[in-house]
Every structure is written in C-alpha cells, then in structure tokens.
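Chains as they are written, first to last, in the working numbering: chain U, 1 to 445; chain Z, 1 to 567.
A virtual CB, placed ideally from N, CA and C, is assigned to each residue, including glycine.
For reference, the structure discussed in these notes is given below.
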C-alpha cells in the first residue's frame, strides 16, 4: 500500500477517518453488542407529533372518499368514506403509540422489531392521504387508479434499480443507469419506427442498454478508471448524443424515425377484473409483465443459484472468489452488461408504453431515483421493487392531488418524492450495507 | 484407502522485474508429513506458495505431483491436483454463512443451477465431526471468532479433497490457546494422511509440529533442519548470522511514577466503548507491556494518549499535566515519543527521503528551520548521525524511505522518536514484520531508553516480545483491562488472560491443567528462562475446575478429538 496519496503535510498526523482502510481495522470491533441508537425512536416521534398536529388537530373536518372498484370489475366493492378529522386523530395517536413503544424498547436497549417502521410508514402515508383528500375541493379519489398509476410510473424505476442491483452486487457502481434508460428509450423509438415493430424496438433497447453498460464495464474493469466518473460521463454523453440525434435526425423526419407505435396492453381475461389488484398484475404491456418476471428472476438468481453465489462473492470479497478459481473481472463484466440490458428494457417503457415518441431527456432523472430505490431496498431486488413503488406512488400522488385540488401548493407536492427519499433513507431504513467491494476495482496482486 | 500425494518443487524461480523473490528453490513434501518453510518476513515463502497454488506463474522451474510435472494456470488447477491453501488473511466472505463460503467455487447444484446447500452442510458436518471442529454450517462468518474462521478455511480445503494443505502464517492472528489447538489439528490432519506445508517464522511452533524444516533466506533455500535443532541454530540459519535470542536485560529500577491513565474510555464512531474504563500507571525506568490479541482496543488506547481519538473520557496525566484534550502537536512537544503500529501508513511517508522522515516531528524547529525556510544541510547532517547510530542499512539518507526493508524502516521511525528528550515512550508493535536481526537491535534500544529513566509503554500482540521486554504486563480484552501481572508470569496464564480470564482464574486454570495441554505446551523455549514457568507443569491433581468457560471451544475440541485419533 502506498502512503503517498494520504499523507498531506509532514509532521501533521492524520486524523483516523482520513486513513486508507487498513486490514486490521476491518476486523470485528472489540465490543460485539451494538448499542441501540435513538435515531429510530426520535424520527418516529417527530413524525408522529407532526402527524398529530397537522393531520389530526389541524386536519380537515370533511369526509374523504376512496373508490375501490372501477366500472369494469367483475364484482363491485363500495367506496370507503372516512371522516378525515377523526381518522387523523386516531391514526396519529396510534403512531404516537408506536413511537412511544420504540422509546420504551430503546430504554431497555432492545432493537425494535422490523415491522415497526414499516407499519409506521403505512399509517403515516394513509393518514397523509386522508388529510389531503379530505381537504380537497373534490374529496374523492380512486384508490385503484392511484395504485395502478403508481405501478405504471414505477416501471422504469424498477428496471433501473434492478440494473443497479446486478452491477453493484458484483462490485461495480452503476451511476450510468440514467444513460442506460435514455439510450434504451431512444433506440427503442428509432428501431420500432424503422421496423414498424415495437417488439423489435424492445429488443433493440436491451441491446442499446447493454452497449452503454459495456463502455462502463470496459473502462472501470479493464482500465480501472474511477467508476463514478465513467458513469457520470456516460450519462452526459448519452444525453448529448440522443439530444443531438433527436434534433437533427428525428425532428427532420418524424414519420420515419420517431413514430414507434405503442406496445399493446395485454389484458388477461377474468383476472384483470379483480378490483385493485387486477389492473396492476393482469392488465399490463409486455414491459410491465417483464418487470414482475425480472424482479423474481433476479432475486432467485442472486440468492438461490450458483451464479448468484458467485456474483455476490465477487462483490463482497473478490480475492476470496479468485482463490477459489472464480474469474472476478469476467463475472463483473457480464453482470454489468446484463444490468445495462435490463435498464435498456426499462428505458423502452418511455417510448413504447408511456408515450409513443422520443423527446430530449425523456428519462427525466429517473435513473437517479432508481439508484436511491436500490439503496432504499438494500441492494435486494424485492426491496428495490417496493422502494421503486414508493417513489412511483409519491410521483403519482402529487399529480392526482393537483387534479383534485388541495390547499397545498402543487410545488410542495412535487417535492414529495424527494422528501420521502430523505426521510426513508435517514430514519426508517436504518443502517444499510452495500456490498463490501462495491466500487473497488479488482487488480490481481 | 487414503490417496497420498508427493509434492516436489524443482528449481522454482520467480522474478518480479529485477527482484528475484525465489531463486532456484527445491522442496520435496513427502506424503503425510508436516513440512515447515521457515524464513523471515520477505524471505520469499509466500511467493513460493503462491506459485505452488497457481496464483503466480513461476519464471523458471517445475512443480511435480507424484513425480509428474504439472502446470497450474490458476488456483482451480492447484485445487484439482489436491492442493489446498489457507491464506494468512482469510479468504472468507464475511456476510456469507459457513456453508456458502465452503460451497463457493465448488457448488453442488440441482437441475437448473439451483444451489444445493444441504449437500454442503452434510459435508461440513462430516469433516467437523471427524476432527471435532464444532462448526455450525449456518453461522455467518462475521459472527465467528478468528480461530473458528480458520477452521472454516481448513474445511474449505478438505471439502475440495486437498491432500496437501498449505498454511501461510496461520498463527499470526491467533491467541496462544488457539495456536495450540491449531497445532493439534495439524497433527490430526497428518494422522489422517494430509500433508501440510506450514509457513512460519515462529520458531517455537515450528519446532513443536514439523517433521522437516526447510529454511529460506532471501529467496534461496539455505538448508534443511531437524525439528530437534535448537532455536538458536534455527534462528541463525534463518538470519544468516549468529543471533542472540535472549535479551540481556537488567532488572528494572523503577523510580517515581510519572505517567498515569485513569478511567480511560474511548468511544468509537459506532458508539462502542472500544477502550472501556481502564487505569494504569508507569514509573520512570519501567517498561509496561500491553498484551492482547489484535483488535482489543490497543490501537485506540495508544491513539487516545497521542490525541488522535475524538471521543475520549477519563484522564491521562504525564508529570501531573493533563494530556487529554491537547492537540497531537502539544502532546509530542510534551515529550511523548510514539512508534505507531503500522509504520508504512502512520509512521513514515514512503515517498519522502529518509532524512526528511527523520525530522517529520521537528521540521519547524531549530536547527532544521529558520523562520519560513528549511536548512537541507542540517536535515541531511542529522540523517547521517541517526543512520549511523541506528544502523539503518542504506547507501544514502536521501533515498525514499519506502525503498527500505521493513526492519530498516522501523529503525528510521524509532530513530526519529528517540532522538529528542522524552518523558514517555510508546511503541506499538515495535517489531512487527521486522527481521530477527533487527528485532534484537530494536529491543536493545527500547531497554536502553528505559534505563535512561523514561517510562516506556509497549503494545504487542506477540507474546514472546511481551515476555522479553516487560517489567509489568497489562492484558487487554475487549477494551477492558483484564489485569496487570508481573514480568515472569507464565505463558499459559497470559494466554488465558488474553482470552478474557482474570489473572486469578487463569492461574487456577493452568495449575490444574490437563496432561494433553501440558504436552502441547512443553516445547516452550528452554532458554527463555521464565522463573514462573514451572507452575504450568503440575498435573498432580487434575481439578475439575479447569473447564473454564472462556476456554470452552478448546475443551469441546479436545473431547471430540479423542475417539477418532487412531484410524
């Protein structure tokens, strides 16, 4: 290990946190029982008090109406009508109770159970929803529509976060998800337009995403360039490239190059008429169905197969994998490529499902939200899926809420997804641990 | 039934650029033998084993397995040929379970590539039962103590059907108790027909367990030795000249106590009390050695004294002045000399010259500095004096410090710290990774500083060093002070204290020791001449009380081993 990079001034000893990692420091600390921190109880208490004052005491006195069934369902459930003021009080009191419970556990130095923050979050979201709807000009909202819309908005985020999981589990940081989404969206549009076949567009999107990813893989693995820098540069590069081609080629001949046509929505008979769940699970485009398949396949692949064990080993302790005859850099290369293909498919959602044309920056930063979803989901495909849904939900909520008209300015609502991110990452998730070799290139000694 | 394997290395040469790490090395490992490669750090032992394990390709030479030449392109080939390796730094994924780690790279799968860990669990259980390892296949590696992790490494090799097991400095991370257990495991493996290549520079262990010893020096085989050879003989073969392993040290003449630590607690960023309410003092003219297994708070303790730790409570008094809360510079200026545990990270700036490194703590003071300018002539002049005084082997003081060998680097650090008047001297791992010849020199300098009337604090994880240097020994365990015992306390007692037993319990435990343990320990240095040693060998009344809780794994291991020993 060289000392040159880390010793700034002669005679001035380094602060401990500035030091390069030292093998001995990676050992288990001397005292094994970790003390339970005040972080969670305090976060919960603050949120519960906010909920009690805003949603409860200052809450609207109207009734919030939540429609469950839509017209086409094969059985109808009545809409739920909730007295907003009462619900606000009751729910926030329960939240205060949960926060109190967390406090009691802390004083006994017991780690709070995992359900506690989850239940708390659900209660908070529900009471927020009742507060918003109850105070709106038209205090009625379709729950089915809200959830179905959330899933739709979450699709590219889910694919992006799966791409992140695939790369980072193997030890390569993928900041270029945004670029892969954008590359996929652009290629899907152009190929589908030229061939008049959206399915070929979908395939091409996967290839495009993989190609973008291969650039990341080659530079970060073979040439050991800083992965964050390559990723950022790729994002800028793809954004510039697609933007340029859009304004020169696509705009010039829109008919030929930018009219991909949409992937049809495939409705599974009977099942799609189940209230709430039907439209989410059984009334999707190919990309939507692929999303569910991808989440499950990546999860099973990572945690139940030989391939996954090796991938995770490469991301955690590449040297150990190497001494067992596993080809570290080849594993990383193909994983990053696969991740790119997955993100590319996600990108096709923008141009083949959401709308039927490409515009500049169509991915609109969702690649970065996907990165947050991956962290929030603790590098687990299923966790990332639900985290992405949370972002999709927040995204959808703000547009719906703007439509029904609430006293809260829409700009504040637009901040919602990001507020959710900050709170979720800071307080509710707790310590999340990335793969140990994440972002560290492997060079054979 | 058991397939045995003869391994031969013929004329192995490995060059890295102009550096010859291995120079025509010939070694024959006979089937069912424990073959020791003895040599100092940097002698080329690990390089040789990495060649054998397929991690490096030899520049010249041949590897023969059962008299047939083989080429290993990677560890996979070596494993297929029946060679397993336990690396000095374990190659285990901390967040995986034991079973997952063992399966990795040699997975059994059902149709479709799904993992079949049950099969791996069964194999682990089988090996664990055969050797009495007591390893839970579903435990996470990061939750296991180091000794158990090492067993997992051995299981990993055995599951892959290793006939020759390479152990690279396996005892470096172990407590003396764990070390004894490992030596027992090695004997058992041998009795089951596994050959072992044991790499070490610790003479005591080598003598205790080897059948054949090959000594390597500067990349060359300098000879073979019999385990019956005396440690002095082995040491001089290893170093290439006569060495005096015993430190000539006059008894301490402690004067007044000038350094006091009271209720010192250091809190890590994670909120853990890594140093937990410890108190001790050191008198002028006395060496206090802090013993303990690595990672029990030693680093934080020394850093706290120097002012490098942020969250420290308690009191650190030097000549009645409080050091706590002062900046590092103030602490150094108060007359504290400090040799950090990792010289290459904290002790030296590798790209700076030796001369510059020698004044890192006084670069802004006369005579090296005048106002804002420095005087290179004075710096170089100082370097010449120090290099002479400390016998640093270098052609010039203007060479980069990073080019020196470990021992010479350590001499530079020591020379810097001892070249100003001190009121306290702290040395952490003063001889880690240092050749035997330099150890002798460094130890003498430390004792000289003591005799000069400075309170000296030594932190070491090497029990031999602690025993050699200390006038009193303080043992740290999980950040707490287990106890302070006088010099001459038995190796066994110290070992148990390092596992957390109080001095009283430790004495009781070793006094009633099992005959089995006594034999495992007898190859102790005859010439260390510890007055308290006789305590250990008293099997007269085997007490039941020796089933001490802290030594539990040891006990379980032994009881499991009894029945299976002669197959």
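- prompt: For chain Z, is any of its Cβ atoms less than 8 Å away from the one on residue 382(U)?
  reply: Mapped onto the first chain, residue 382(U) falls at position 382. For residue 382(U), the answer is no, since every Cβ of chain Z falls outside 8 Å of its Cβ.
message: Within 10 Å of its beta-carbon, does residue 7(Z) have 16 or more other beta-carbons around it, so buried, or fewer, so exposed?
response: In the second chain, residue 7(Z) corresponds to position 7, counting from 1. It is buried - the Cβ of residue 7(Z) has at least 16 other Cβ atoms within 10 Å.
message: Am I right that residue 136(U) and residue 341(U) are in contact with their C-beta atoms under 8 Å? What's the rounded C-beta distance?
response: As a working mapping, residue 136(U) is identified with position 136 in the first chain. As a working mapping, residue 341(U) is identified with position 341 in the first chain. Not really, about 43 Å apart at Cβ, beyond 8 Å.
message: Strictly by DSSP, which residues pair up with residue 124(U)?
response: Stepping through the first chain from its first residue, residue 124(U) is reached at position 124. None; residue 124(U) has no bridge partner.
Neighbour flag for residue 326(U) against chain Z, beta carbons, 8 Å: Counting from one through the first chain, the residue named residue 326(U) turns up at place 326. Taking Cβ atoms only, chain Z reaches closer than 8 Å to residue 326(U), which makes this a yes.
4-residue-minimum alpha helix (DSSP H) runs that sit fully inside the segment 138-187 of chain U, ordered along the chain: 143-169
task: Under 6 Å Cβ to Cβ from residue 274(U), same chain only, skipping five residues before and after it: list those, please.
output: Here residue 274(U) corresponds to residue number 274 of the first chain, with the count starting at 1. None.
message: Beta-carbon within less than 7 Å of residue 112(U)'s beta-carbon, same chain only, minus the 5 sequence neighbours each way: which residues are those?
response: Counting from one through the first chain, the residue named residue 112(U) turns up at place 112. Excluding sequence neighbours, residue 112(U) sits near 40, 102, 105.
- request: Would you tell me roughly how many angstroms separate the C-alpha atoms of residue 213(U) and residue 386(U), rounded to the nearest one?
  value: Start at 1 with the first residue of the first chain, and residue 213(U) comes out as number 213. Start at 1 with the first residue of the first chain, and residue 386(U) comes out as number 386. Annotation: residue 213(U) to residue 386(U) spans about 25 Å, alpha carbon to alpha carbon.
message: Using CA atoms only, rank isn't needed, just tell me which of 187(U), 134(U), 120(U), 139(U) is closest to residue 258(U).
response: Sequence index remark: in the first chain, residue 258(U) carries index 258 (1-based). For the residues 187(U), 134(U), 120(U), 139(U), the minimum Cα distance to residue 258(U) belongs to 187(U).
field: Buried or exposed (CB count within 10 angstroms, at least 16 for buried), residue 520(Z)
entry: Taking the first residue of the second chain as position 1, residue 520(Z) is located at position 520. Confidence is the limiting factor: at residue 520(Z) the pLDDT is only 39, short of 50, which leaves the residue's position unreliable, though a coordinate-based value still follows. Answer is buried; the Cβ neighbour count reaches 16.
task: Please name the residue, chosen from 288(Z), 213(Z), 200(Z), 319(Z), that lies closest to residue 256(Z) on a Cα-to-Cα basis.
output: Within the second chain, the letter at position 256 stands for residue 256(Z). Among 288(Z), 213(Z), 200(Z), 319(Z), the Cα nearest to that of residue 256(Z) belongs to 319(Z).
- request: Compute the beta-carbon to beta-carbon distance between residue 99(Z) and residue 217(Z), rounded to the nearest angstrom, for a pair I have assumed lies under 8 Å.
  value: Here residue 99(Z) refers to the residue found at position 99 of the second chain. Here residue 217(Z) refers to the residue found at position 217 of the second chain. So it is not a contact: roughly 42 Å between Cβ atoms.
Assigned secondary structure, residue 56(Z) (DSSP; H/G/I helix, E/B strand, else coil): Reading the second chain from its first residue, position 56 is the one you call residue 56(Z). It is coil, neither helix nor strand.
For residue 185(U) and residue 358(U), believed in contact at Cβ under 8 Å, the rounded distance: Here residue 358(U) refers to the residue found at position 358 of the first chain. Here residue 185(U) refers to the residue found at position 185 of the first chain. About 6 Å separates the Cβ atoms of residue 358(U) and residue 185(U), confirming a contact at the 8 Å cut-off.
message: Between residue 130(U) and residue 82(U), how many whole angstroms is the CB-CB distance? I'm expecting something under 8 Å.
response: On the first chain, residue 130(U) is found 130 positions in, with the first residue counted as 1. On the first chain, residue 82(U) is found 82 positions in, with the first residue counted as 1. The pair is a contact, with the Cβ atoms about 6 Å apart (cut-off 8 Å).
message: Is there a Cβ of chain Z sitting closer than 8 Å to that of residue 321(U), yes or no?
response: As a first step, residue 321(U) must be located in the first chain, where it is residue number 321. For residue 321(U), the answer is yes, since a Cβ of chain Z falls inside 8 Å of its Cβ.
- request: Look at the alpha carbon of residue 280(U) and the alpha carbon of residue 391(U), and state the distance between them as a whole number of angstroms.
  value: Here residue 280(U) refers to the residue found at position 280 of the first chain. Here residue 391(U) refers to the residue found at position 391 of the first chain. The straight-line gap from Cα to Cα measures roughly 16 Å.
field: Cβ pair residue 154(Z), residue 101(Z) closer than 8 Å
entry: Counting from one through the second chain, the residue named residue 154(Z) turns up at place 154. Counting from one through the second chain, the residue named residue 101(Z) turns up at place 101. No, they are not a contact pair.
message: Three or more C-beta pairs under 8 Å: does that hold for the segment 389-398 of chain Z against the segment 448-463 of chain Z?
response: Proximity of the segment 389-398 of chain Z to the segment 448-463 of chain Z falls short of the contact definition, fewer than three beta-carbon pairs being nearer than 8 Å.
task: At 3 residues or longer, and completely inside the segment 250-314 of chain Z: list those beta strand (DSSP E) runs for me, N to C.
output: Fully enclosed beta strand (DSSP E) runs of 3 or longer: 257-267, 273-283, 287-291.
query: Is the distance from the Cβ of residue 476(Z) to the Cβ of residue 219(Z) below 8 Å?
result: Here residue 476(Z) corresponds to residue number 476 of the second chain, with the count starting at 1. Here residue 219(Z) corresponds to residue number 219 of the second chain, with the count starting at 1. Contact flag unset, no.
Beta-carbon proximity list for residue 358(Z), same chain, < 7 Å, skipping 5 on both sides: On the second chain, position 358 is the one that residue 358(Z) refers to. These residues qualify, in order along the chain: 382, 383, 386, 412, 415, 416.
- request: Identify whether residue 507(Z) lies in helix, strand or coil by the three-state DSSP scheme.
  value: As a working mapping, residue 507(Z) is identified with position 507 in the second chain. Looking at residue 507(Z) - three-state DSSP - the assignment turns out to be helix.
query: Between which two residues does the alpha helix (DSSP H) carrying residue 106(U) extend?
result: Your numbering for residue 106(U) matches position 106 in the first chain. Its alpha helix (DSSP H) spans residues 84-107.
message: Does the contact criterion of 3 or more C-beta pairs under 8 Å hold for the segment 221-232 of chain U versus the segment 172-184 of chain U?
response: yes
message: With a threshold of 7 Å on Cβ separation, who are the neighbours of residue 354(U) within its own chain once the five nearest residues in sequence on each side are excluded?
response: Here the question's residue 354(U) lines up with position 354 in the first chain. Answer for residue 354(U): no residue qualifies.
Straight-line Cα distance separating residue 47(U) from residue 375(U): Here the question's residue 375(U) lines up with position 375 in the first chain. Here the question's residue 47(U) lines up with position 47 in the first chain. The straight-line gap from Cα to Cα measures roughly 22 Å.
- prompt: What does residue 210(U) touch in chain Z if you count any residue whose Cβ is under 7 Å from its own?
  reply: Here residue 210(U) refers to the residue found at position 210 when the first chain is read from its first residue. Chain Z residues near residue 210(U): none, gap ~21 Å exceeds 7 Å.
query: Taking just the CA atoms, how far does residue 307(Z) sit from residue 327(Z)?
result: Taking the first residue of the second chain as position 1, residue 327(Z) is located at position 327. Taking the first residue of the second chain as position 1, residue 307(Z) is located at position 307. Approximately 6 Å, taken between the alpha carbons.
message: Taking the beta carbon of residue 68(Z) as the centre, do at least 16 other beta carbons fall within 10 Å, making it buried, or is it exposed?
response: In the second chain, the residue the question calls residue 68(Z) occupies position 68. With fewer than 16 other Cβ atoms within 10 Å, it is exposed.
- request: For chain Z, find out if any of its Cβ atoms is closer than 8 Å to the Cβ of residue 102(U); answer yes or no.
  value: By one-based count along the first chain, residue 102(U) stands at place 102. No, no contact with chain Z.
- prompt: So what does DSSP say about residue 457(Z), is it helix, strand or coil?
  reply: For the purposes of this step, residue 457(Z) is identified with residue 457 of the second chain, where counting begins at 1. It is a strand residue.
field: Residue of 306(U), 337(U), 349(U), 260(U) minimising C-alpha distance to residue 291(U)
entry: Residue numbering aside, residue 291(U) sits at position 291 when the first chain is read from its first letter. Looking at the Cα atoms, 349(U) is the closest of the given residues.
- prompt: Should residue 304(U) be flagged as near chain Z, meaning a C-beta pair shorter than 8 Å?
  reply: Sequence index remark: in the first chain, residue 304(U) carries index 304 (1-based). Chain Z contact via Cβ: present.
- request: Could you tell me the boundaries of the beta strand (DSSP E) in which residue 474(Z) lies?
  value: Here residue 474(Z) is taken as the residue at index 474 of the second chain, counted from 1. That run of the beta strand (DSSP E) goes 472-477.
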